[in-house]
Each structure stands twice: as structure tokens, then as C-alpha cells.
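**Student:**
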Amino acid sequence: MTVVLDGKKLRDKIFSDLKVKLDKMSEKPTLAVILAGDDPASQIYVRNKKKTAENLGINSIVIEYPADVTESELLAKIEELNNNKSITAILVQLPLPKHIDKFRIIDAILPQKDVDGLTPYNLGKLFAGEEPYVYPCTPKGILLLLDEYKIDIDGKHVVVIGRSNLVGKPVAQMLLKRNATVTMCHSHTKNLSDITKTADILISAVGKNVIGEKMLKSDCVVIDVGIFKNSNGKVRGDVDFENVSKIAAYISPVPGGVGPMTIASLMLNTVELFDKIM
Ligand code: NAP
Numbered sequence: 021m022t023v024v025l026d027g028k029k030l031r032d033k034i035f036s037d038l039k040v041k042l043d044k045m046s047e048k049p050t051l052a053v054i055l056a057g058d059d060p061a062s063q064i065y066v067r068n069k070k071k072t073a074e075n076l077g078i079n080s081i082v083i084e085y086p087a088d089v090t091e092s093e094l095l096a097k098i099e100e101l102n103n104n105k106s107i108t109a110i111l112v113q114l115p116l117p118k119h120i121d122k123f124r125i126i127d128a129i130l131p132q133k134d135v136d137g138l139t140p141y142n143l144g145k146l147f148a149g150e151e152p153y154v155y156p157c158t159p160k161g162i163l164l165l166l167d168e169y170k171i172d173i174d175g176k177h178v179v180v181i182g183r184s185n186l187v188g189k190p191v192a193q194m195l196l197k198r199n200a201t202v203t204m205c206h207s208h209t210k211n212l213s214d215i216t217k218t219a220d221i222l223i224s225a226v227g228k229n230v231i232g233e234k235m236l237k238s239d240c241v242v243i244d245v246g247i248f249k250n251s252n253g254k255v256r257g258d259v260d261f262e263n264v265s266k267i268a269a270y271i272s273p274v275p276g277g278v279g280p281m282t283i284a285s286l287m288l289n290t291v292e293l294f295d296k297i298m
């Protein structure tokens, strides 16, 4: 029978362990989130991050800017946060307004406070096979979910669809480190189905309805990272859950799979950075 990978259940377990740890800490981490622009989804994500942090006992501040904020204003704020000893973790909510160079902004975050693990220092460490201060949140959440269900990674063929710095590239590196054989696919990949049919583990991070059951072999593991609204306004993932769940051994749902694991990883990273700084 297909096992549904329950990200909410694992998130709750991680939170209850974190709460116990945080309750015992005399000094608490402080997470600073920069939100620029008026993207409604980003506003909801940031509100949830703040609320979640505070429920766990992590201090949290949100610094908001209008959509016409300048790059130099954002860089000045990051420098101020980098130099502020009471701020132990910094997150810049993506996407940024189009006129802002997101790489310049992310590069400005001090690696020791880079809670998303996306600065060149932390990504560079990861790609070199060394230890970054923290691993990027969504890839970390995916590996925690696979490990929770004791899904073997060593020697498995993992097909990753999507090559963003946020998900596809770092998750591929983390899986390589765990001795998977990794194939990366993207929008220029020819004959995608021929490749996905050979996957023991498929990770789809696209944001479009791309995976049906005919593209997969029986008993594979399917991790759906994608999240978007279909034409009826319903939140869904990249995978045709109903049909794929008939043939997969394990499948992560949307919502309730990778999403809760991303926020769990963010909170874990906030505490890990604090432990490393202190
Ligand atoms: P992204 O930067 O837009 O990357 C999307 C990737 O998909 C690109 O590499 C693109 O290829 C590839 N792609 C597009 N159309 C394709 C197709 N038809 N066939 C194969 N590959 C295709 O997105 P992202 O930031 O990685 O996010 C991906 C999805 O995951 C989004 O839906 C996002 O909302 C979701 N997400 C969810 C979480 C979570 O916590 N659940 C976290 C992060 C992201 P090219 O490189 O060739 O353009």
C-alpha cells in the first residue's frame, strides 16, 4: 500500500522537541525577516514564519519595505542586521521586486546568520562537500522526511526536476553526499518521461502540473515540492496525486508534505545558527 509522507506530523514532532530545548535556553535566538513588496503569498509566508517562531520561543522581527524599495536601502539594512549582535538569523523573503538584484542582496548576508543557507559561502561549502553553517531549508526538509520514513538513499537513482538555487541544485548536492546517483532535469530536458521512469526517487520542484503516473515506475518514491494554484484556485503540487499514489510506494502530498518540512527546517536552522554563534 502507498505510504503518504506526512510532513505535518514530522514538523509537529520537530517543533515539540525544539520547544523543550528553547524552554531551557536562558537566551533565545532572534530571527529577522526582510519583506519587500506586496506579494500576497509572501506576506502570508512571513506572517506564518513570525507566528511559528514566537510560538516556539524564538524572537522574531519583520522589516517591511514597499515594492519601490532601492537596493541600497536593503543592503544598508542587511549590514545593520549583520552588525547587530542581538540578531542571530537573517532571512530575505523571495521573490524580491524585479528591479532588485537578488544575488547582490543574498550575498550581503553574513554566512553565520544566513538561515536559508543561500549565500555563496554556504552554498559553496555544500557544493564542495563541506559543512555549511546550515543547509537550505526545503532540501533539508526533504531529507528529514526521507530519513523519517527510513527511505534508503545510498546507491538509488534520484531524478530531480528543477534546477533552482533554492531547491533543485542544493537537494541534488545533499543527495550526492548521501551516495545517490542523481540526474537533474529542467525545462530543456528532452524526453523527460524516459528519465523519470528510471527514478527510484523522484523530486519535482517545478511549479507546474508535470508528473503523471505513466512517467514513473511502480514502487518509486515521489517527493512533490511544487506548489501553485490550479485554474479553480485550489492549491496543488506538480504531481497528479490521485493517480500517482496508486503506483508509488511513498508519496508526499501537497499541501502537507514538503511545505511543513520547510518551515520546520527554518526553525531548526535558526536554533542551529544560534548554537554556533554562542
Ligand atoms: P523556479 O526557480 O521557478 O524553478 C523551476 C524549475 O522548473 C526550473 O529549473 C525550470 O527549468 C524547471 N521547469 C519549468 N518547466 C519545466 C518543465 N515543463 N519540465 C521540466 N522542468 C521545468 O522554482 P523553485 O523556486 O525551485 O520552486 C519550484 C516550485 O516549488 C514552485 O512551485 C515553488 O512554489 C515550490 N516551492 C515549494 C516550497 C515548499 O516549501 N513547499 C519551497 C520552495 C519552492 P529552467 O531552469 O530550464 O527554467
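The numbering of the sequence shown is my numbering, which starts it at 21 and goes up by one.
By construction, the Cβ of each residue, glycine as well, lies at the ideal position given by its N, Cα and C atoms.
Looking at the secondary structure, which residues open and close the beta strand (DSSP E) in which V369 lies?
**Tutor:** There is simply no residue 369 to check, as the chain begins at 21 and stops at 298 in what is shown.
**Student:** If you follow the alpha helix (DSSP H) that A96 is part of, which residue opens it and which one closes it?
**Tutor:** Its alpha helix (DSSP H) spans residues E91 to N103.
**Student:** Counting only the same chain and skipping the five closest in sequence on each side, list residues whose C-beta sits under 6 Å from that of K237.
**Tutor:** If we look at K237 and ignore the five residues flanking it on each side, its Cβ neighbours are K217.
**Student:** Run the CB neighbour count on V255, radius 10 Å, all protein chains shown included, and call it buried at 16 or more, exposed below.
**Tutor:** Result: exposed.
**Student:** Exposed or buried, what is I181 when buried is set at 16 or more other beta-carbons lying within 10 Å of its beta-carbon?
**Tutor:** That one is buried.
**Student:** What whole-angstrom Cβ distance do M194 and L163 have, given they're in contact under 8 Å?
**Tutor:** 6 Å between Cβ atoms; contact.
**Student:** Would you mind sorting T22 into buried or exposed? The rule is 16 or more other CB atoms within 10 Å of its CB.
**Tutor:** It counts as exposed.
**Student:** Going by DSSP in three states, N79 sits in which element: helix, strand or coil?
**Tutor:** Residue state, collapsed to three classes: strand.
**Student:** Can you list, in chain order, the residues of its chain with a C-beta nearer than 8 Å to that of K69? Leave out the 5 residues immediately preceding and following it.
**Tutor:** Taken in chain order, the residues that qualify are L51, V53, S80, L111, I283 and L286.
**Student:** Measure the Cβ-Cβ separation of V278 and G161 and say whether it is below 9 Å.
**Tutor:** It is a contact, given that the beta carbons lie within the stated cut-off.
**Student:** Which residue wins for smallest C-alpha separation from A219, given the options L130, K176 and N199?
**Tutor:** Measuring from the Cα of A219, the nearest candidate turns out to be K176.
**Student:** In whole angstroms, what is the alpha-carbon distance linking G246 and D260?
**Tutor:** Near 11 Å, if we compare the C-alpha coordinates of D260 and G246.
**Student:** When we look at the beta-carbon of A96 and count the other beta-carbons within 10 Å, is it buried (16 or more) or exposed?
**Tutor:** Label assigned to A96: exposed.
**Student:** Check for me: the beta strand (DSSP E) holding M21 runs from which residue to which?
**Tutor:** Careful: M21 lies outside any beta strand (DSSP E) and carries neither H nor E.
**Student:** Mark M298 as exposed unless 16 or more other C-beta atoms lie within 10 angstroms of its C-beta, in which case mark it buried.
**Tutor:** So M298 counts as exposed.
**Student:** Quick check: the segment 151-160 against the segment 190-205, are there 3 or more CB pairs under 8 Å?
**Tutor:** Yes: at least three Cβ pairs fall under 8 Å.
**Student:** In the DSSP assignment, what are the bridge partners of K249?
**Tutor:** According to DSSP, which records beta bridges pairwise, K249 is partnered with V255.
**Student:** Using a threshold of 8 Å, is the CB atom of V178 nearer than that to any non-hydrogen atom of the ligand NAP?
**Tutor:** Result no, Cβ not under 8 Å from the ligand NAP.
**Student:** Flag F248 as yes when its Cβ comes closer than 8 Å to any non-hydrogen atom of the ligand NAP, and as no otherwise.
**Tutor:** The answer is yes for F248.
**Student:** Taking 8 Å as the cut-off, is the CB of M235 close to at least one heavy atom of the ligand NAP?
**Tutor:** Flag unset: Cβ of M235 not near the ligand NAP.
**Student:** Express the C-alpha separation of V89 and T72 in angstroms, rounding to a whole number.
**Tutor:** Roughly 27 Å separates the two Cα atoms.
**Student:** With a threshold of 8 Å, establish whether the CB of S184 neighbours any heavy atom of the ligand NAP.
**Tutor:** Because some heavy atom of the ligand NAP lies under 8 Å away, the Cβ of S184 counts as near it: yes.
**Student:** For I126, I'd like the list of residues in its chain whose CB is within less than 7 Å of its CB, leaving aside the five on either flank, ordered along the chain.
**Tutor:** So the list reads V112, L138 and T139, once near-sequence residues are dropped.
**Student:** Using C-beta distances below 6 Å, list every residue in its chain close to Y85, excluding the 5 sequence neighbours before and after it, in chain order.
**Tutor:** So the qualifying residues of the chain are A56.
**Student:** Look up V154 in the DSSP assignment and say whether it is helix, strand or coil.
**Tutor:** Correct three-state label for V154: coil.
**Student:** Taking the Cβ atom as the reference point for each residue, do L42 and L76 lie within a distance shorter than 9 Å?
**Tutor:** In contact: L42 and L76 (Cβ atoms closer than 9 Å).
**Student:** Could you name each continuous beta strand (DSSP E) segment of 3 residues or more that falls completely within the segment 150-195, going from the start of the chain to the end?
**Tutor:** Runs of the beta strand (DSSP E) inside the segment 150-195: 177-181.
**Student:** Give every residue of the same chain whose Cβ lies closer than 6 Å to the Cβ of A200, excluding the five residues on either side of it in the sequence, and list them in chain order.
**Tutor:** Excluding sequence neighbours, A200 sits near I173, K176 and V178.
**Student:** Which residue or residues does DSSP assign as beta-bridge partners of E84?
**Tutor:** In the DSSP output, where bridge partners are listed per residue, E84 has L55.
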